[in-house]
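One structure is given below, encoded as structure tokens.
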Amino acid sequence: AEWYDSNDREALPTKMGTALVHVSNAIGRQVVDVYSNAISALGCLVVALLLNTPLSLVMLCVVPIAIVIMALFNLCIRRVKKRANKELAEAGGVATEDLAGIK
Numbered sequence: 001a002e003w004y005d006s007n008d009r010e011a012l013p014t015k016m017g018t019a020l021v022h023v024s025n026a027i028g029r030q031v032v033d034v035y036s037n038a039i040s041a042l043g044c045l046v047v048a049l050l051l052n053t054p055l056s057l058v059m060l061c062v063v064p065i066a067i068v069i070m071a072l073f074n075l076c077i078r079r080v081k082k083r084a085n086k087e088l089a090e091a092g093g094v095a096t097e098d099l100a101g102i103k
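Going by full-length UniProt numbering, the residue at position 48 of the sequence shown is 48; the numbering climbs one at a time, nothing skipped.
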């Protein structure tokens with residue numbers, strides 16, 4: 001009962017639908033893509049080291065900077081996505097309430 005005091009019950013169907021989409025994506029193609037991309041990156045690194053070791057080492061020095069930039073970008077995207085999901089849940093709550101009022 002405490003949950004209903006702090007959350008909008010009309011937004012629950014939208015939140016559940018959004019959560020199910022995220023779970024479906026995580027179980028589906030995204031996991032395969034992560035492993036596939038990691039193996040491809042490792043293979044490219046091995047080939048680069050074999051072809052031109054000094055240039056490959058310079059490239060590896062830039063990788064930590066790129067990782068930091070991608071992490072910051074990911075953080076910004078997560079904040080925007082969280083806000084968008086909250087607004088979607090609120091809009092879904094209004095729609096659910098309006099549809100429930102139709103007789």
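Ideal Cβ placement from N, Cα and C applies to all residues, glycine included.
- Roughly how many angstroms separate the alpha carbons of A41 and A19, rounded to a whole number? 31 Å
- Residue burial classification, G93 (beta-carbon count within 10 angstroms, cutoff 16): buried
- Query: Where are the alpha helix (DSSP H) runs, 4 residues long or more, that stay fully inside the UniProt domain "ABC transmembrane type-1" (1-103), in chain order?
  - Reply: 2-6, 12-27, 29-51, 53-101
- Message: Restricting to Cα atoms, I'd like to know which of A84, L50, P13 is closest to A100.
- Response: P13
- Item | Anticipated Cβ contact below 8 Å, S36 with A48, distance rounded | Actually they are not in contact, since the Cβ atoms of S36 and A48 sit about 19 Å apart, beyond 8 Å.
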